[in-house]
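Chemist: The structure follows.
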Amino acid sequence: MTASVTARSGEMGPGRVTQLGVIRSEWIKLSSLRSTWYSLLAALLITDGLGTLFSALHTHRMQQGVGPNGPVAFDLDATQISLRGVFLAQLAIGVLGVLVITGEYSTGMIRSSLAAVPRRQPVLLAKAVVFAVLVVLVSLIATLLGFLLGQRAQASTHAQATLSTPGAERAILGAALYLTLIGLIGIGLGFLIRNTAGAIATLFGIVLVAPILASALPTPYSTDVAKYLPLNAGTQVITTINPDPNLLGPWAGIGVTALYALIALLAGAVILKRRDA
Amino acid sequence: MIEAVALSKHYGPKTAVDDLSFVVRPGVVTGFLGPNGSGKSTTMRLLLGLDRPNAGTSSINGKPYVEHPAPLREVGALLEARAVHTGRSARNHLRAMAATNNIPRTRVDEMIGLVGLEGVADKRVGGFSLGMGQRLGIASALLGDPGVLLLDEPVNGLDPEGILWIRNLLKALAAEGRTVFVSSHLMSEMAVTAGELIVVGRGKLITSGSVADVIRGAGSGAVLVRTGEADRLASLLAGTAQHIHRLAPDTLQVSGTDSTTIGLIAAREAIPLVELTPQQATLEEAFMEITRDAVEFHGGAPSGDESQPAPAGGLR
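Read top to bottom, the protein sequences are chains R and S. Going by the working numbering, 249 is the number at position 249 of the first sequence; the sequence numbering is gapless. Going by the working numbering, 206 is the number at position 206 of the second sequence; the sequence numbering is gapless.
Below you can see the structure in the form of structure tokens.
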């Protein structure tokens with residue numbers, strides 16, 4: 001038995017902890033959990049299912065000659081209609097981002113992870129990189145598919161968009177980036193709060209509840225605050241017609257959302273380094 | 001070689017480890033012994049850089065743990081509470097651990113075979129029994145073929161076969177010249193596994209040394225005497241002995257003196273002795289003796305069993 005504990009000479013090779021090795025480890029971790037694939041599948045089905053449904057409802061209303069607010073007030077942003085599933089899909093992605101790290105705290109896995117990489121911060125960086133790459137790819141598939149399915153459902157309106165419609169490609173890419181950034185905010189909050197329920201509540205407090213609270217502020221503070229909140233800022237990228245002048249432009253909005261993600265991850269990194277595991 | 005120098009750790013007002021210093025040498029299994037709540041697990045976490053000490057330093061093979069470029073190749077650790085994600089298979093857990101320290105994939109399969117988890121390696125760890133979980137922990141600790149092993153309560157939850165397996169494994173690892181540091185609250189286990197002991201209570205070092213030294217140091221050292229003239233012998237010994245306990249009409253337990261002295265006194269006074277036996281303390285007794293004042297959670301008074309914490313006391 002002891003003979004096999006000791007590695008055969010040369011078998012182990014040289015080795016040290018490298019960022020690339022930690023990234024490989026985090027890929028094995030993320031891809032080997034069922035919850036990862038369930039969350040991604042949920043995000044995909046929501047984005048494409050709701051995109052198709054909203055598009056079909058819109059088409060139906062156009063054919064009836066009534067808009068949601070009475071006759072003729074038609075929403076002409078065919079691209080945006082087909083991507084509205086993102087508003088719900090962000091829940092699945094946000095929860096996945098939180099779980100990437102709180103799942104380690106709740107099971108004790110974090111102690112193994114940090115014993116293997118005692119400098120700690122490479123773990124956070126690797127988690128963020130692996131998550132971002134995987135989620136942006138899956139989200140792109142979801143938003144592209146959502147757009148195509150949605151436009152097909154709107155075909156009979158003759159107002160449908162195509163990939164060459166101005167803003168369509170930006171909206172598809174931007175929606176995928178938005179979903180990824182919400183997930184990264186979730187990772188940062190997960191490192192900060194360590195508890196699944198607490199981190200999820202905080203994430204959706206910031207993303208979904210804050211805009212409601214902001215709208216209760218007296219004008220002009222209401223619009224000043226509202227436009228910098230991640231939901232309002234980050235989802236402008238899917239609007240291709242008649243953007244709200246009170247809100248940020250598409251890429252400025254994604255930039256602000258990215259800033260939230262960066263701040264959350266940096267704060268998480270500081271806490272990770274300083275607090276006991 | 002593991003060195004701790006004046007380690008202290010507080011959690012809020014509670015002191016978990018208090019000015020603890022010790023050295024663990026290679027080539028022998030060193031038991032880290034103490035009652036529940038005596039700071040063993042905290043000390044292990046401090047050694048692994050998971051918690052930061054409020055004072056003091058520690059090093060493994062001459063360097064603080066966090067400064068090793070490939071810590072898993074230097075130090076293998078089994079942490080008390082299972083430190084594995086329950087949703088992942090054993091094999092994927094080991095693969096993820098191996099990747100961080102650039103340990104080859106072949107080593108993962110070897111360790112799965114070594115600990116006997118081949119049949120369940122691709123099942124999720126959440127369904128594992130305590131014993132299977134401990135085997136996975138051992139596989140994880142041995143992944144990097146480390147020269148130093150830190151194992152927190154490795155026999156917890158194992159069946160007799162598993163306990164025997166760990167015992168032999170630890171001895172074999174030490175015999176290969178590795179440093180093997182094993183915490184336990186089970187003296188009986190350490191008595192047959194460890195060569196050296198470090199005994200702690202309430203976070204403080206109580207004693208350390210070889211198993212024999214620790215037993216001797218506890219100094220029960222009573223002598224059992226049987227004689228028909230127990231009364232007369234007792235009165236003659238009253239001056240020299242510390243304590244004389246009448247176990248039966250013809251049996252005395254004498255402490256504070258040795259069998260030679262008692263034998264000579266009896267011979268001088270022509271008292272026939274039927275039995276004269278120095279009593280060797282067991283490690284169990286020595287441990288109880290040493291840690292009597294350092295037990296964090298005393299058992300309920302009626303049972304008087306100090307080795308088991310009272311259920312209420314165990315809740316913190």
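Note that beta-carbon positions come from the ideal geometry of N, C-alpha and C, so glycine has one too.
Using Cβ-Cβ distances below 7 Å, what residues of the region 64 to 88 of chain S are close to chain R?
Modeler: Listed by position along the chain: 65, 66, 69, 70, 71, 72, 73, 77, 79, 81, 82, 83, 84, 85, 86, 87 and 88.
Chemist: Closer than 8 Å by C-beta to residue 42 of chain R: which residues in its own chain qualify, once you throw out the five before and the five after it? Chain order, please.
Modeler: Closer than 8 Å at the Cβ level, and outside the excluded window around residue 42 of chain R, lie 89 and 92.
Chemist: Leaving out five residues on either side along the sequence, give the residues of the same chain with a beta carbon under 6 Å from the beta carbon of residue 278 of chain R.
Modeler: The first residue shown for chain R is 1 and the last is 277, placing residue 278 of chain R beyond what the model contains.
Chemist: Please decide whether residue 152 of chain S counts as near chain R, where near means a Cβ-Cβ distance under 8 Å.
Modeler: No - not a single Cβ of chain R is within 8 Å of the one on residue 152 of chain S.
Chemist: Taking 8 Å as the threshold (C-beta atoms), are residue 184 of chain S and residue 155 of chain S in contact?
Modeler: Cβ distance < 8 Å, so residue 155 of chain S and residue 184 of chain S count as in contact.
Chemist: Are any of the Cβ atoms in chain S nearer than 8 Å to that of residue 243 of chain R?
Modeler: It does not; no Cβ of chain S falls within 8 Å.
Chemist: Starting from the N-terminal side, write out each stretch of the beta strand (DSSP E) that is 3 residues or longer and does not extend beyond the region 213 to 279 of chain S.
Modeler: You should have 223 to 227, 243 to 248, 251 to 255 and 273 to 278.
Chemist: Would you list, in sequence order, the uninterrupted alpha helix (DSSP H) runs of no fewer than 4 residues that lie entirely inside the region 5 to 89 of chain R?
Modeler: Fully enclosed alpha helix (DSSP H) runs of 4 or longer: 19 to 31, 34 to 64 and 78 to 82.
Chemist: Work out the CA separation of residue 267 of chain R and residue 184 of chain R for me, nearest whole Å.
Modeler: Each residue's alpha carbon lies about 12 Å from the other.
Chemist: When DSSP builds the beta bridges, which residues end up paired with residue 124 of chain S?
Modeler: Residue 124 of chain S pairs with S/89.
Chemist: Just to check my reading of the structure: residue 145 of chain S and residue 7 of chain R have Cβ atoms closer than 8 Å, yes? What is that Cβ distance to the nearest angstrom?
Modeler: Yes, residue 145 of chain S and residue 7 of chain R are in contact; Cβ-Cβ is about 4 Å, under 8 Å.
Chemist: Note down the Cα distance separating residue 263 of chain R from residue 192 of chain R, rounded to an integer number of angstroms.
Modeler: So the alpha carbons of these two residues sit roughly 11 Å apart.
Chemist: With distances taken Cα to Cα, identify the nearest neighbour of residue 263 of chain S among S/240, S/248 and S/41.
Modeler: With distances taken between Cα atoms, residue 263 of chain S lies closest to S/240.
Chemist: Which of helix, strand or coil does DSSP assign to residue 321 of chain S?
Modeler: Residue 321 of chain S lies beyond the residue range present for chain S, which begins at 1 and ends at 316; the question has no answer from this structure.
Chemist: Nearest CA to the CA of residue 164 of chain S: which residue from S/177, S/82 and S/131?
Modeler: Measuring from the Cα of residue 164 of chain S, the nearest candidate turns out to be S/131.
Chemist: Using 8 Å as the cut-off, can you tell me whether the region 226 to 239 of chain S makes contact with the region 250 to 270 of chain S, which would need three or more C-beta pairs spanning the two stretches below that distance?
Modeler: Yes: the two stretches touch, three or more of their Cβ pairs being nearer than 8 Å.
Chemist: Can you list, in chain order, the residues of its chain whose CB lies under 6 Å from that of residue 75 of chain S, leaving out five sequence neighbours each side?
Modeler: So the list reads 60, 146 and 148, once near-sequence residues are dropped.
Chemist: Start and end of the beta strand (DSSP E) containing residue 179 of chain S?
Modeler: From DSSP, the beta strand (DSSP E) with residue 179 of chain S extends over 179 to 184.
Chemist: For residue 13 of chain S, would you say it is in contact with chain R, using Cβ-to-Cβ distances shorter than 8 Å as the test?
Modeler: No, residue 13 of chain S lies away from the interface with chain R (no Cβ there is under 8 Å from its Cβ).
Chemist: In three-state terms, what does DSSP make of residue 143 of chain S?
Modeler: Residue 143 of chain S: coil per DSSP, three-state reduction.
Chemist: Let me know if residue 160 of chain R comes out buried or exposed under the rule of 16 or more other beta-carbons within 10 Å of its beta-carbon.
Modeler: Label assigned to residue 160 of chain R: buried.
Chemist: Just to confirm, are residue 217 of chain R and residue 124 of chain R a CB contact at a threshold of 8 Å?
Modeler: In this structure, residue 124 of chain R does not lie closer than 8 Å to residue 217 of chain R by Cβ.
Chemist: Using a Cβ-Cβ cutoff of 7 Å, what residues of the region 25 to 52 of chain R are near chain S? List them in chain order.
Modeler: Within the region 25 to 52 of chain R, the qualifying residues are 25, 28, 29, 32, 33, 34 and 35.
Chemist: In the DSSP assignment, what residue or residues form a beta bridge with residue 11 of chain S?
Modeler: Answer is S/14.
Chemist: Determine the DSSP secondary structure at residue 196 of chain S, reduced to helix, strand or coil.
Modeler: In this structure, residue 196 of chain S counts as strand in the three-state DSSP scheme.
Chemist: Measure from the alpha carbon of residue 278 of chain S to the alpha carbon of each residue in S/287, S/265 and S/253, then state which is nearest.
Modeler: Comparing Cα-Cα distances from residue 278 of chain S to each of S/287, S/265 and S/253, the minimum goes to S/253.
Chemist: Under 8 Å Cβ-Cβ, which residues of chain S neighbour residue 116 of chain R?
Modeler: Within 8 Å Cβ-Cβ: 71, 72, 97, 100 and 101.
Chemist: Exposed or buried, residue 77 of chain R, counting other C-beta atoms within 10 Å across all chains shown (16 or more means buried)?
Modeler: Its Cβ being crowded by 16 or more others within 10 Å, residue 77 of chain R is buried.
Chemist: Identify whether residue 176 of chain S lies in helix, strand or coil by the three-state DSSP scheme.
Modeler: Looking at residue 176 of chain S - three-state DSSP - the assignment turns out to be coil, as it is neither helix nor strand.
Chemist: Of all the residues that make up the region 102 to 130 of chain R, which are near chain S by a beta-carbon distance shorter than 7 Å?
Modeler: Of all residues in the region 102 to 130 of chain R, 103, 104, 107, 108, 109, 111, 112, 114, 115, 116, 117, 118 and 119 have a Cβ within less than 7 Å of some Cβ in chain S.
Chemist: Any Cβ of chain R within less than 8 Å of the Cβ of residue 54 of chain S?
Modeler: It does not: the Cβ of residue 54 of chain S has no partner Cβ on chain R nearer than 8 Å.
Chemist: What would DSSP say about residue 3 of chain S, mapped onto helix, strand or coil?
Modeler: Here residue 3 of chain S sits in strand by DSSP.
Chemist: With a threshold of 8 Å between beta-carbons, can residue 11 of chain R be considered close to chain S, or not?
Modeler: True, the Cβ-Cβ gap to chain S drops below 8 Å.
Chemist: Helix or strand or just coil, what does DSSP make of residue 76 of chain S?
Modeler: In this structure, residue 76 of chain S counts as strand in the three-state DSSP scheme.
Chemist: Hey, residue 253 of chain R and residue 233 of chain R: beta-carbon distance below 8 Å or not?
Modeler: A contact, by the Cβ cut-off of 8 Å.
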